[in-house]
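Single-structure report; data block below.
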Amino acid sequence: MRNFDLAPLHRATVGFDQMADLMNRVMSDTSGPQTYPPYNIEKTADDAWQIQIAVAGFTDAELSVEQRENALIVSAKKAQEDAGRTYLHRGIATRAFERRFALADHVRVTGATHVNGMLHIDLVREVPEALKPRQIEISRGDTVNGRAVETTEV
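Each residue of the sequence shown is one higher than the one before, starting from 1 at the first, in the numbering used here.
This is the structure in structure tokens:
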């Protein structure tokens, strides 16, 4: 197996999708990719996203959405079924799962809805005012402590 150093790419990534980090994790993961349940990540605005997860067969009570620090953890555990049921074909997967998503700094979960077998999780990035870039006014002339100084000729 070949290892790639993707650290230089981290400087170019901004916000939610840390592709270089994701690639490092995928290439170093020996257990294989996790494919259940399938999901989409949609960018809904400049600083907003929605994760859509296919969770057919699960009720609201069986699903759990939790945000811990910079991680979103979605899990589900199916309640015990009746032993008297006999399936001729069982194609809807309802096995327990735990799916983790890495979140960038200042990204928080604003809500989750479960409609027609799809779990929709809304995310938004809220950068504190102190960390936002600000425009500095440039004044003309001589300055002392940021104030313009009036000069007189003798």
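Yeah, the Cβ is synthetic: ideal placement off N, Cα and C, and Gly gets one too.
query, result
"Quick one, are the C-beta atoms of aspartate 47 and valine 127 less than 9 Å apart?", "yes"
"Going by DSSP, what residues sit across from asparagine 40 in a beta bridge?", "Gln52"
"Using beta-carbon positions only, say whether leucine 103 and leucine 72 come within less than 9 Å of one another.", "yes"
"Would you kindly work out how many angstroms separate the C-alpha atoms of valine 55 and isoleucine 121, rounded to a whole number?", "12 Å"
"Near glutamine 67, which residues of its chain fall below 8 Å by C-beta distance, leaving aside the five closest residues on each side in sequence?", "Ile73, Leu103, Arg108 and Val109"
"What's the gap between the Cα of tyrosine 87 and the Cα of aspartate 60?", "24 Å"
"Exposed or buried, alanine 76, counting other C-beta atoms within 10 Å across all chains shown (16 or more means buried)?", "buried"
"What does threonine 60 pair with, by DSSP beta-bridge criteria?", "Reading off the sequence, residue 60 comes out as aspartate, not threonine. DSSP lists no partner for aspartate 60."
"Just curious, the beta strand (DSSP E) that glutamate 98 is in, first and last residue?", "97-102"
"When you compare only the Cα positions, how much space is there between arginine 90 and arginine 100?", "27 Å"
"Return helix, strand or coil for leucine 88, following the three-state DSSP convention.", "coil"
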